[in-house]
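Undergrad: Dropping the structure in here first, questions after.
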Amino acid sequence: MRNCVFMLILLLCCVVANAQEQHAWEQLYSELLEVEEQENIMSEEDYDLLCSLEMQPIDLNKATREDLEQLPFLSPTQIEDILAYIYQYHGMRSVGELLMIESLDDIRCRLLSHFVTIKVDDEQHYPALSTILRSGKHNILFTAKVPFYTRVGDKSGYLGYPYSHSVRYKYSYSDYFQAGFVGAQDGGEPFFA
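If you read the sequence shown in our numbering, its first letter stands for residue -16, the second for the next number, and so on.
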């Protein structure tokens, strides 16, 4: 009986010790509040939100403005700067790149690293053939030259008409795909000869 009571007390102590576990980001958050001279009290909603974001961090390369607005310590200017950096440099490769954003100070960068992750997509994404065929750009150019005078050489006769014309067609999809053809006929040449 004594052993059972002793085991029960040990078990309860372990549960209580686990419940009072402090997260690594809490110290940084309190430092940030001290620097900004705000109340050093975090609301329960913010705490729950930050705990859930710590367990399921935001992928910064795919984050939207709404995702970043969840973080209570980021201002709208800082969110805009993060999104502009990701757009300009086509994503981030590491969390250390947050230091390159001027509006983020060191404390916010370290704090943000607990709630975001960077998933680098090294695969080259080429468009599908159906996308290329559906979204490409067509270009067609047709020229014709009709002489309004008779040339001396025309009197003896040519195999074809005195008119010259050309056609050029080009299909392109960005830098991935280009195809086309050119056809021309000079004056006096037979057609399809």
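Even glycine gets a Cβ: it sits at the ideal position worked out from N, Cα and C.
#1: Does the distance from the CB of Tyr144 to the CB of Val129 come in under 7 Å?
#2: For the beta strand (DSSP E) containing Ile123, list its first residue and its last residue.
#3: What's the C-alpha gap between Met83 and Leu57?
#4: Give me the Cα-Cα distance between Tyr154 and Asp50, rounded to the nearest whole angstrom.
#5: Closer than 6 Å to a non-hydrogen atom of the ligand ATP - does that hold for the CB of Gly79?
#6: Of all the options Phe160, Ser86, Trp8 and Ala111, which has the alpha carbon lying nearest to the alpha carbon of Ser35?
#7: In three-state terms, what does DSSP make of Asn1?
#8: Given that a residue counts as buried once 16 or more other Cβ atoms are within 10 Å of its Cβ, and exposed if not, what is Phe98?
#9: Tell me, please, which residues DSSP counts as bridged to Ile65.
TA: Checking against the coordinates, here is how it stands:
#1: no
#2: Lys120 to Lys128
#3: 16 Å
#4: 40 Å
#5: As for the ligand ATP, it is missing from this structure, which has no ligand bound.
#6: Trp8
#7: For Asn1, the predicted model reports a pLDDT of 44, less than 50, meaning its position is unreliable and no value from the coordinates is stated.
#8: buried
#9: Answer by DSSP bridge pairing: none, since Ile65 is not bridged.
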